[in-house]
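Enquirer: Input: one structure, supplied below.
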Amino acid sequence: MKRRFAVLSVLGLILSAMGTATVLAQPSPKTLGRIAEMMTEADLNGDGKTSRAEFNQHRAQMFARLDRNSDGVISEGDRPRIPIARRKFDPAFERVTSIFDRNDDGRVTLDEWNKTDPDVFGMLDRNDDGMVARSELPTAR
Ligand SMILES: [Ca+2]
Ligand SMILES: [Ca+2]
Ligand SMILES: [Ca+2]
0 MKRRFAVLSV LGLILSAMGT ATVLAQPSPK TLGRIAEMMT EADLNGDGKT
50 SRAEFNQHRA QMFARLDRNS DGVISEGDRP RIPIARRKFD PAFERVTSIF
100 DRNDDGRVTL DEWNKTDPDV FGMLDRNDDG MVARSELPTA R
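First residue of the sequence shown: 0, per numbering that gives the first Met the number 0; consecutive thereafter.
Structure (structure tokens):
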């Protein structure tokens, strides 16, 4: 069983995209690419649009991947033993805790994870139909 760490880079994308509302208001080309990539990844049924449900499911999957021991919390206990895996896990873990660990206890609960601010999806869904279509992505001209 090969645990792919692509998901961690996707997570990095989301976290970068989430930085602040300003990031989305005046995104750099790099950020635009990341956001587009993230929304494409979250289009789980491949219909070219990402629904909020798909977005949430995608996020739940990411939480599950980081919560390696499945105790409902992303914490030190999830750090892989294999050094090469750890090198990839650590930066993601640090980013996650720095953003989501609201009560500063070094752990990110599912509750903390779900309280993201700002609401990236809401900002991307410009016509407010609960879907983010490719044409709504900031990369689209
Ligand atoms: Ca879809
Ligand atoms: Ca855990
Ligand atoms: Ca916490």
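Glycine included, every Cβ here is placed at the ideal spot set by N, Cα and C. This one's a predicted model, so the numbers in the text were calculated from it and none came from an experiment.
Report the three-state DSSP secondary structure of Ser50 (helix, strand or coil).
Expert: Reduced to three states, the DSSP call for Ser50 is strand.
Enquirer: Where does Met130 fall in DSSP's three states?
Expert: Residue state, collapsed to three classes: strand.
Enquirer: Using DSSP with H/G/I as helix, E/B as strand and the rest coil, what is Ala139?
Expert: Low local confidence applies: a pLDDT of 46 at Ala139 is under 50, so the model's placement there is unreliable, and no value is given.
Enquirer: From Glu53 to Arg106, what distance separates their C-alpha atoms?
Expert: Computed Cα separation, rounded: 25 Å.
Enquirer: Can you list, in chain order, the stretches of the alpha helix (DSSP H) that have 4 or more residues and sit fully within the region 50 to 107?
Expert: Complete alpha helix (DSSP H) runs here, min 4: 51 to 65, 82 to 99.
Enquirer: CB Arg64 to CB Pro79, shorter than 8 Å?
Expert: It is not a contact, given that the beta carbons lie outside the stated cut-off.
Enquirer: Using 8 Å as the cut-off, can you tell me whether the region 94 to 106 makes contact with the region 118 to 125, which would need three or more C-beta pairs spanning the two stretches below that distance?
Expert: As far as the Cβ criterion goes, the region 94 to 106 does not touch the region 118 to 125, which means the pair count is below three.
Enquirer: State buried or exposed for Arg33, treating a residue as buried only when at least 16 other CB atoms are found within 10 Å of its CB.
Expert: Buried is the call here.
Enquirer: How big is the Cα-Cα spacing for Ala35 and Asn113?
Expert: For Ala35 and Asn113, the distance between alpha carbons rounds to 21 Å.
Enquirer: Could you please give the first and the last residue of the uninterrupted alpha helix (DSSP H) stretch that includes Lys114?
Expert: From DSSP, Lys114 is part of no alpha helix (DSSP H); its letter is neither H nor E.
Enquirer: Compute the Euclidean distance between the alpha carbons of Ala132 and Asp89, then round it to the nearest angstrom.
Expert: Distance between the alpha carbons of Ala132 and Asp89: 33 Å.
Enquirer: Closer than 5 Å between the C-beta and any heavy atom of ligand 2: which residues qualify, listed along the chain?
Expert: Residues flagged by the Cβ proximity filter: Asp66, Asn68, Asp70, Val72, Asp77.
Enquirer: Suppose you measure from the CA of Gln56 to the CA of Glu75; what does that come to, to the nearest Å?
Expert: Rounded to the nearest angstrom, the two C-alpha atoms are 24 Å apart.
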